[in-house]
Amino acid sequence: MAHDHHHPTHQHEHRHGHDHADIDWTEMAPLLEAGAELFSPLYERALAWLAQQQTAPGLVVDAGSGPGVVACLLAETFPGARIVAVDGSEPLLARARDRAARLGLADRFSTLAGDLPKVLDDLDYPADLLWASRSLHHLGDQGAALAAFAERLAPGGTLALVEGGLPTRFLPRDIGIGRPGLQARLNALEEEWFTEMRAALPGTVDETEDWPALLTAAGLAHPRTRSFLLDLPAPAPDRARAYVAATLTRFREALADRLDTTDLATLDRLLDPEDKASVHHRPDLFLLAAQTVHTASRAM
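What follows is the structure in structure tokens.
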């Protein structure tokens with residue numbers, strides 16, 4: 001989705017507590033973890049690209065880490081670095097620590113609980129790489145938050161911001177039931193939801209989403225942008241089917257009052273495990289996602 005992993009479908013591995021205090025993170029954690037694991041090939045390619053820019057970081061921070069899937073990938077990509085996973089949810093950070101221990105990374109992996117960006121003041125020393133994946137757009141004043149991120153970078157340090165990309169697709173335009181174009185309509189409603197979410201954040205400031213310009217305005221230099229794909233062609237594997245079913249379930253829950261009766265009925269069929277037209281059985285189900293990484297560095 002244009003803001004994939006953050007909408008009502010939010011299968012996002014990066015969450016924080018300030019605007020989601022009513023969410024049961026213990027219940028949500030397995031879904032967040034499974035989604036991040038599914039997208040791991042995309043993240044691995046993005047981190048390999050980052051490793052060409054920041055070759056030997058001492059401290060790497062994942063700002064909005066959730067259950068730590070990407071934080072552990074950062075640890076594997078940068079074997080000489082100390083990793084700090086930062087999130088507003090202690091239950092998710094507990095899962096991150098458990099994951100790091102299972103992977104043999106615990107000796108250089110720690111967590112920090114609190115709301116972004118203020119919690120970054122509690123870091124022991126500045127970061128050489130700060131990764132912020134789809135966490136910035138949950139902060140009302142994105143420009144001020146970027147400036148705070150930049151302040152926590154060591155000289156020569158890199159900020160990697162994951163924002164934007166393309167709407168994730170997993171169904172053809174005409175799926176043989178309901179009206180063609182269901183996903184396009186869901187994406188349009190999701191954009192409306194996102195705009196309302198942003199407007200309701202404390203201290204929200206409207207910003208043109210020119211991320212390289214915003215990084216430059218935060219005092220950083222040498223902005224670069226690159227997008228990375230996840231391409232799982234039809235017929236999609238079972239874990240992709242589970243991800244799509246979870247995504248559509250959250251669409252159904254969050255957007256029911258905005259959908260017409262035809263689209264609601266189509267969603268119900270897509271989610272019914274007994275229906276051969278459902279995402280559990282369709283041979284034409286795929287998963288195609290694009291996420292965009294923007295980087296910039298602090299002057300030496």
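For what it's worth, full-length UniProt numbering labels the leading residue of the sequence shown as 1, then goes sequentially. Cβ atoms here follow ideal geometry from the backbone N, Cα and C, with glycine treated the same way.
Q: Output the boundary residues of the alpha helix (DSSP H) element that contains residue 78.
A: Where residue 78 is concerned, there is no enclosing alpha helix (DSSP H), given that its DSSP letter is neither H nor E.
**Q.** Cβ-based neighbour list, residue 58, same chain, cut-off 7 Å, excluding 5 preceding and 5 following
**A.** Within the same chain, residue 58 has close Cβ partners 81, 82 and 128.
**Q.** residue 62 beta carbon less than 8 Å from that of residue 131
**A.** It is a contact, given that the beta carbons lie within the stated cut-off.
(Q) Measuring only the C-alpha atoms, how far is residue 147 from residue 137? (A) Rounded to the nearest angstrom, the two C-alpha atoms are 14 Å apart.
Q: Tell whether a beta-carbon distance below 8 Å holds between residue 256 and residue 269.
A: No.
Q | Exposure label - residue 227; buried when at least 16 CB within 10 Å | A | Its Cβ having fewer than 16 others within 10 Å, residue 227 is exposed.
Q: List the endpoints of the continuous beta strand (DSSP E) containing residue 302.
A: Nothing about residue 302 can be reported from this structure: the residues present for the chain run from 1 to 300 only.
Q: Give me whichever residues DSSP pairs with residue 291 in a beta bridge.
A: DSSP links residue 291 through a beta bridge to 228.
Q: Just the C-alpha distance for residue 196 and residue 184, rounded to the nearest angstrom, thanks.
A: Approximately 19 Å between the Cα atoms of the pair.
Q. Grouping DSSP H, G and I as helix and E and B as strand, with all else coil, what is residue 86?
A. Strand, per DSSP.
Q) Nearest-angstrom Cα distance between residue 21 and residue 90? A) Any reading at residue 21 must be qualified, since the residue scores a pLDDT of 47, below 50, and its modelled position is unreliable; the value itself is stated next. Near 12 Å, if we compare the C-alpha coordinates of residue 90 and residue 21.
**Q.** Range of the contiguous beta strand (DSSP E) that encloses residue 244
**A.** From DSSP, residue 244 is part of no beta strand (DSSP E) but of the alpha helix (DSSP H) over 238-255.
Q. Would you report the Cα separation of residue 125 and residue 189, rounded to the nearest angstrom?
A. Whole-angstrom Cα-Cα distance: 42 Å.
**Q.** Terminal residues of the alpha helix (DSSP H) in which residue 213 lies
**A.** Under the DSSP assignment, residue 213 falls in the alpha helix (DSSP H) whose first and last residues are 211-217.
Q. Is it the case that the Cβ atoms of residue 73 and residue 168 are separated by a distance below 8 Å?
A. For residue 73 and residue 168, no; Cβs fall outside 8 Å.
**Q.** residue 67 and residue 27 closer than 8 Å at C-beta
**A.** The answer is no: Cβ separation not under 8 Å.
(Q) Counting C-beta neighbours from all protein chains within 10 Å, is the total for residue 9 16 or more, i.e. buried, or is it exposed? (A) Any answer about residue 9 is weak, because its pLDDT of 44 lies below 50 and its placement is not dependable; what the coordinates show is given next. Per the 10 Å Cβ criterion, buried.
Q: Can you grab the Cα-Cα spacing for the pair residue 52 / residue 45, in whole Å?
A: Their backbone Cα atoms lie some 11 Å apart in a straight line.
**Q.** Minimum C-alpha distance to residue 95 - residue among 114, 71 and 172
**A.** For residue 95, the nearest C-alpha among the options comes from 71.
Q.
Suppose the cutoff is 6 Å on Cβ atoms and the five residues either side in sequence are ignored; what does the same chain contact list for residue 77 look like?
A. 47 and 51, listed in sequence order.
Q. Does the beta-carbon of residue 35 have 16 or more other beta-carbons within 10 angstroms, so that it is buried, or is it exposed?
A. Answer is buried; the Cβ neighbour count reaches 16.
Q: Assign residue 139 to one of three DSSP states: helix, strand, or coil.
A: For residue 139, the three-state secondary structure derived from DSSP is coil.
Q: Throw me the rounded Cβ distance for the residue 116 and residue 145 pair, which I believe falls under 8 Å.
A: That pair is a contact at about 7 Å.
Q: Could you name the residues of the same chain whose beta carbon sits closer than 8 Å to that of residue 249, not counting the 5 residues immediately before and after it, in chain order?
A: Excluding sequence neighbours, residue 249 sits near 271.
(Q) Run through the DSSP bridge pairs and tell me what residue 133 is partnered with. (A) When beta bridges are read from the DSSP output, residue 133 appears opposite 162.
Q. If we ignore side chains and look at the alpha-carbon of each, how far apart do residue 198 and residue 164 end up?
A. Answer to the nearest angstrom: the Cα atoms are 15 Å apart.
Q.
Applying the 10 Å Cβ sphere with the 16-neighbour rule, what's the burial state of residue 306?
A. Missing from the structure shown is residue 306; the chain here goes from 1 to 300 and no further.
Q.
Can you tell me where the alpha helix (DSSP H) holding residue 112 begins and where it ends?
A. Counting along the chain, no alpha helix (DSSP H) covers residue 112; the unbroken beta strand (DSSP E) around it starts and ends at 109-113.
Q. In the segment 160-206, which residue ranges form an unbroken beta strand (DSSP E) of at least 3 residues, counting only runs that do not cross its ends?
A. Annotation: the segment 160-206 contains the following complete segments of the beta strand (DSSP E) (minimum length 3 residues), in chain order: 166-169.
Q: Sort 286, 60 and 279 by Cα distance to residue 159 and report the nearest one.
A: Nearest option by C-alpha distance: 60.
Q. Is the CB-CB distance between residue 241 and residue 280 below 8 Å?
A. In terms of Cβ geometry, residue 241 and residue 280 form a close pair [threshold 8 Å].
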